[in-house]
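Protein chains: 2
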Amino acid sequence: MKQPAEAKKGKAAPKGKRNLNKERTKEKILAAALELFRENGLEGTTTKQISRKAGIAEGTLFNYFKTKEDLALFFFQKETNDLIRWYGQAARLQDAPLPEKLFAIIHRQLEYIAPYEEFIGAVFFRSLQPRSKLSPLSLESQELRLKYLRFVSDILAQAEEKKEIPPIGELGAYAVGLFYMGIVTHWLHDPSEGKQKTLALLDRSLRLGTTLLKKGGWDW
Amino acid sequence: MKQPAEAKKGKAAPKGKRNLNKERTKEKILAAALELFRENGLEGTTTKQISRKAGIAEGTLFNYFKTKEDLALFFFQKETNDLIRWYGQAARLQDAPLPEKLFAIIHRQLEYIAPYEEFIGAVFFRSLQPRSKLSPLSLESQELRLKYLRFVSDILAQAEEKKEIPPIGELGAYAVGLFYMGIVTHWLHDPSEGKQKTLALLDRSLRLGTTLLKKGGWDW
DNA sequence: CCAAAAATATGAGCGCACTCATATTTGTTT
DNA sequence: AAACAAATATGAGTGCGCTCATATTTTTGG
Numbered sequence: 007m008k009q010p011a012e013a014k015k016g017k018a019a020p021k022g023k024r025n026l027n028k029e030r031t032k033e034k035i036l037a038a039a040l041e042l043f044r045e046n047g048l049e050g051t052t053t054k055q056i057s058r059k060a061g062i063a064e065g066t067l068f069n070y071f072k073t074k075e076d077l078a079l080f081f082f083q084k085e086t087n088d089l090i091r092w093y094g095q096a097a098r099l100q101d102a103p104l105p106e107k108l109f110a111i112i113h114r115q116l117e118y119i120a121p122y123e124e125f126i127g128a129v130f131f132r133s134l135q136p137r138s139k140l141s142p143l144s145l146e147s148q149e150l151r152l153k154y155l156r157f158v159s160d161i162l163a164q165a166e167e168k169k170e171i172p173p174i175g176e177l178g179a180y181a182v183g184l185f186y187m188g189i190v191t192h193w194l195h196d197p198s199e200g201k202q203k204t205l206a207l208l209d210r211s212l213r214l215g216t217t218l219l220k221k222g223g224w225d226w
Numbered sequence: 007m008k009q010p011a012e013a014k015k016g017k018a019a020p021k022g023k024r025n026l027n028k029e030r031t032k033e034k035i036l037a038a039a040l041e042l043f044r045e046n047g048l049e050g051t052t053t054k055q056i057s058r059k060a061g062i063a064e065g066t067l068f069n070y071f072k073t074k075e076d077l078a079l080f081f082f083q084k085e086t087n088d089l090i091r092w093y094g095q096a097a098r099l100q101d102a103p104l105p106e107k108l109f110a111i112i113h114r115q116l117e118y119i120a121p122y123e124e125f126i127g128a129v130f131f132r133s134l135q136p137r138s139k140l141s142p143l144s145l146e147s148q149e150l151r152l153k154y155l156r157f158v159s160d161i162l163a164q165a166e167e168k169k170e171i172p173p174i175g176e177l178g179a180y181a182v183g184l185f186y187m188g189i190v191t192h193w194l195h196d197p198s199e200g201k202q203k204t205l206a207l208l209d210r211s212l213r214l215g216t217t218l219l220k221k222g223g224w225d226w
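Residue numbers (my numbering), protein chains in the order written: chain C, 7 to 226; chain B, 7 to 226.
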């Protein structure tokens, strides 16, 4: 299983190969974990199960993810990246009014997490919460939060430019983030068919919020 | 250490005594736990330490609190009860304008949790998050949330009556709850002397929110 | 091609939260 | 006070997440 050194002084090739293998192992672990999380939730899944399903030793798992929680956090990093990429490609959204834009974004987030409802219930808040500086997760989760906030900030800034809303600065993105947390909470409890009630609430609150901001005027 | 049956057919007395002991043990555990939480945070405190400090066997602890997290949740139940009692007695607040009222309430909450900053950072979000129906904690945490929401609802209803704000219904309390979470997050990260920045943000946001609601008018 | 070195994989072992069969204490009835 | 029942306390045991000394594989340099 050794790989012959094809390139005498090659650096790119071996490195590329190694990184690829490493990436593939990480993907395998992540895939195994998410499938188990979806079936049995976070607490119902053991690291032994995950490593078994991924075909590695239990200890190896912790070479790739510092903790089981860290593994869970990865789900949200993936989700955020996918969301941003998706938005960048959704051309029709770029000119939509702000409430519609935010509705589409949050709606997509809900669809994305839908298959993992139980898992989400267990870790969503934990993944977003601030952590003590000592926690090994603080860096990753903070970066994730910042990335999301920047994404929302840009959208709000665009709306400000178009005079859809008065300038609200950084607080705006922060508020949207909080709002999203509230929506997810409602969504988790929503027993209605297809989570209709949450979608209705989402639509209504976004329109209301925008209206209030507009009526509030530009003179605070 | 037996207690003589003073009342022949008495029910109240023995029951009272028993409950008292039980209560006292529970208090002892809670006191020990909070002291250790304050010193070492949640993760840094073991159930062995807690039971040792409380003078009981380790297994006994779990007769009183289903999980270590449940023990942490108790802190917030106590905090909420204390807050409501305090507000009931703070006569001068009853006639204050809404933003001042909310400022005083949230400010008191922050003061209350201040000595436990690290502990709070670890469990605040977890304790308030919705839980799957399977979780043994779902009932307690839901009750706590409802109690807090009712408390805030009453205050908002009063402000509506006084025409300080337009009628916003149940969403209002929900929004305040979310807002509080945001403030605590900011507070946890706030390095400023005496957390001044958070207090300034608190004041500003409350005034802003009230203003927006007023300007938004009564006609949605 | 062959060491030496660096990267990665391994699983026995550790401390933890939590369980449970049993022992002890407390309460009730006669 | 004795006999029984109910409540409470106990700590050895269990399975978990995670660590770490060691083994294996891969990469590098001559």
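Each residue gets a CB set at the ideal place from its N, CA and C atoms; glycine is no exception. Remember, it's a predicted structure, so these values are computed and weren't measured experimentally.
Worksheet item: At a Cβ cut of 7 angstroms, what residues of the segment 150 to 183 of chain B count as close to chain C, listed as they run along the chain?
Response: 180
Worksheet item: Taking all protein chains shown into account, do 16 or more other C-beta atoms lie within 10 angstroms of the C-beta of residue 121/C, making it buried, or fewer, making it exposed?
Response: Residue mapping note: residue 121/C aligns to position 115 of the first sequence, counting from 1. Exposed: under 16 other Cβ atoms inside 10 Å.
Item to complete: Using the Cα positions of residue 202/B and residue 127/B, report the straight-line distance between them to the nearest angstrom.
Response: Numbered from its first residue, the second sequence carries residue 202/B at position 196. Numbered from its first residue, the second sequence carries residue 127/B at position 121. So the two alpha carbons sit approximately 19 angstroms from each other.
Discussion item. Closer than 8 angstroms is the cut-off here; do at least three beta carbon pairs connect the segment 169 to 180 of chain C with the segment 167 to 181 of chain B?
Written reply: no
Worksheet item: Does DSSP put residue 161/C in a helix, a strand or coil?
Response: Here residue 161/C refers to the residue found at position 155 when the first sequence is read from its first residue. Helix.
Worksheet item: Taking the alpha-carbon positions, what's the residue 94/C to residue 102/C distance?
Response: The sequence position of residue 94/C within the first sequence is 88, counting from 1. The sequence position of residue 102/C within the first sequence is 96, counting from 1. Rounded to the nearest angstrom, the two C-alpha atoms are 14 angstroms apart.
Item to complete: Determine the extent of the alpha helix (DSSP H) in which residue 125/C is found, giving its start and end residues.
Response: Start at 1 with the first residue of the first sequence, and residue 125/C comes out as number 119. Run containing residue 125/C: 123 to 134, per the alpha helix (DSSP H) assignment.
Discussion item. Contact criterion: CB-CB distance below 8 angstroms. Does residue 51/B meet it with respect to chain C?
Written reply: Here residue 51/B is taken as the residue at index 45 of the second sequence, counted from 1. False, the Cβ-Cβ gap to chain C never drops below 8 angstroms.
Fill in: Interface positions of the segment 63 to 80 of chain C facing chain B (Cβ-Cβ less than 7 angstroms), listed along the chain
none
Practice prompt. Check whether the Cβ of residue 166/B sits closer than 7 angstroms to any heavy atom of the ligand PLP, and report yes or no.
Written response: Looking at this structure, you won't find the ligand PLP or any other ligand, since it has none at all.
Worksheet entry | Three-state class that DSSP yields for residue 217/B in the structure shown | Within the second sequence, the letter at position 211 stands for residue 217/B. The answer is helix: DSSP assigns residue 217/B an H, G or I state.
Worksheet item: Among the residues of its own chain, which have a CB less than 6 angstroms from the CB of residue 119/B, if the five just before and after it don't count?
Response: Walking along the second sequence from the start, residue 119/B turns up at place 113. Here the set comprises 126.
Fill in: Close Cβ partners of residue 1/B (< 6 angstroms) along its chain, the five nearest in sequence each way excluded
Nothing about residue 1/B can be reported from this structure: the residues present for chain B run from 7 to 226 only.
Discussion item. Under 8 angstroms, Cβ to Cβ, is there at least one residue of chain C near residue 17/B?
Written reply: Within the second sequence, numbered from 1, the residue matching residue 17/B stands at position 11. At residue 17/B, the pLDDT of 34 sits below 50, so the modelled position is not reliable and the matter cannot be decided from this model.
Discussion item. Buried or exposed, going by whether 16 or more other CB atoms sit within 10 Å of the CB of residue 134/C?
Written reply: Here residue 134/C refers to the residue found at position 128 of the first sequence. Looking at its Cβ environment, which holds 16 or more other Cβ atoms inside 10 Å, residue 134/C is buried.
Discussion item. Does the CB of residue 218/C have a neighbour CB from chain B at under 8 angstroms?
Written reply: Counting from one through the first sequence, the residue named residue 218/C turns up at place 212. At least one chain B Cβ lies under 8 angstroms of residue 218/C.
Fill in: Closest residue to residue 91/C among 75/C, 114/C, 104/C (Cα-Cα distance)
The sequence position of residue 91/C within the first sequence is 85, counting from 1. Measuring from the Cα of residue 91/C, the nearest candidate turns out to be 114/C.
Practice prompt. State yes or no: is the beta carbon of residue 221/B nearer than 8 angstroms to at least one beta carbon in chain C?
Written response: Counted from its first residue, the second sequence places residue 221/B at position 215. Yes, contact with chain C.
Worksheet item: Excluding the five sequence neighbours on either side, which residues of its own chain have a C-beta within less than 6 angstroms of the C-beta of residue 99/B, listed in chain order?
Response: Translated into positions along the second sequence, residue 99/B becomes position 93. Taken in chain order, the residues that qualify are 107, 110.
Worksheet item: For residue 208/B, which of 182/B, 96/B, 150/B, 219/B has the nearest alpha-carbon?
Response: Locating residue 208/B in the second sequence gives position 202, counting from the first residue. If we check each option's Cα against that of residue 208/B, 182/B comes out closest.
Worksheet item: Would the beta-carbon of residue 32/B fall within 8 angstroms of that of residue 86/B?
Response: Against the second sequence, residue 32/B aligns to sequence position 26. Against the second sequence, residue 86/B aligns to sequence position 80. Cβ distance not < 8 angstroms, so residue 32/B and residue 86/B don't count as in contact.
Fill in: residue 105/B burial status per 10 Å Cβ neighbour count (16 or more: buried)
As a first step, residue 105/B must be located in the second sequence, where it is residue number 99. Label assigned to residue 105/B: buried.
Practice prompt. Starting from residue 178/B, trace the alpha helix (DSSP H) both ways and give me its first and last residue.
Written response: Indexing the second sequence from 1 puts residue 178/B at position 172. 176 to 195 is the extent of the alpha helix (DSSP H) around residue 178/B.
Worksheet item: Going by alpha carbons, who is nearest to residue 61/B out of 161/B, 44/B, 36/B, 76/B?
Response: Reading the second sequence from its first residue, position 55 is the one you call residue 61/B. With distances taken between Cα atoms, residue 61/B lies closest to 36/B.
Item to complete: Report the neighbours of residue 61/C on chain B: residues whose CB is nearer than 7 angstroms to its CB, in chain order.
Response: Indexing the first sequence from 1 puts residue 61/C at position 55. Those do not exist, as residue 61/C stays about 30 angstroms from chain B at its closest Cβ, beyond 7 angstroms.
Worksheet item: On the three-state DSSP scale, how would you describe residue 106/C?
Response: Position 100 of the first sequence, counting from 1, holds the residue named residue 106/C. Three-state result, residue 106/C: helix.
Discussion item. Quick check on the burial criterion: 16 or more other C-beta atoms within 10 angstroms. Buried or exposed for residue 52/C?
Written reply: Counting from 1 along the first sequence, the entry for residue 52/C is found at position 46. So residue 52/C counts as exposed.
Worksheet entry | Straight-line gap, residue 50/B to residue 43/B (C-alpha atoms, nearest Å) | Your numbering for residue 50/B matches position 44 in the second sequence. Your numbering for residue 43/B matches position 37 in the second sequence. Residue 50/B and residue 43/B: Cα-Cα distance of roughly 8 angstroms.
Discussion item. Distance check for residue 184/B and residue 200/C, CA to CA, integer angstroms please.
Written reply: Taking the first residue of the first sequence as position 1, residue 200/C is located at position 194. Taking the first residue of the second sequence as position 1, residue 184/B is located at position 178. Going from the Cα of residue 200/C to the Cα of residue 184/B covers about 25 angstroms.
Fill in: Proximal residues, the segment 185 to 201 of chain C versus chain B, C-beta separation under 8 angstroms
185, 187, 188, 191, 194, 195
Fill in: Alpha-carbon spacing of residue 196/C relative to residue 66/C, whole angstroms
If you number the first sequence from 1, residue 196/C lands on position 190. If you number the first sequence from 1, residue 66/C lands on position 60. The straight-line gap from Cα to Cα measures roughly 39 angstroms.
Discussion item. Which same chain residues end up closer than 6 angstroms to residue 59/B when comparing Cβ atoms and leaving out the 5 residues on each side of it in sequence?
Written reply: The count along the second sequence starts at 1 and reaches residue 59/B at position 53. If we look at residue 59/B and ignore the five residues flanking it on each side, its Cβ neighbours are 38.
Fill in: residue 95/B, enclosing alpha helix (DSSP H) - first and last residue
On the second sequence, residue 95/B is found 89 positions in, with the first residue counted as 1. Where residue 95/B is concerned, the enclosing alpha helix (DSSP H) stretches over 74 to 95.
Discussion item. Taking its Cβ as the centre, do 16 or more other Cβ atoms sit within 10 Å of residue 198/B, making it buried, or is it exposed?
Written reply: By one-based count along the second sequence, residue 198/B stands at place 192. Its Cβ having fewer than 16 others within 10 Å, residue 198/B is exposed.
Worksheet item: Which class does residue 100/B belong to by DSSP, given the choice of helix, strand or coil?
Response: Taking the first residue of the second sequence as position 1, residue 100/B is located at position 94. Coil at residue 100/B, not helix or strand.
Fill in: 8 angstroms Cβ cutoff met for residue 155/C and residue 180/C
Position 149 of the first sequence, counted from the start, is the residue given in the question as residue 155/C. Position 174 of the first sequence, counted from the start, is the residue given in the question as residue 180/C. Yes, Cβ-Cβ distance for residue 155/C and residue 180/C is below 8 angstroms.
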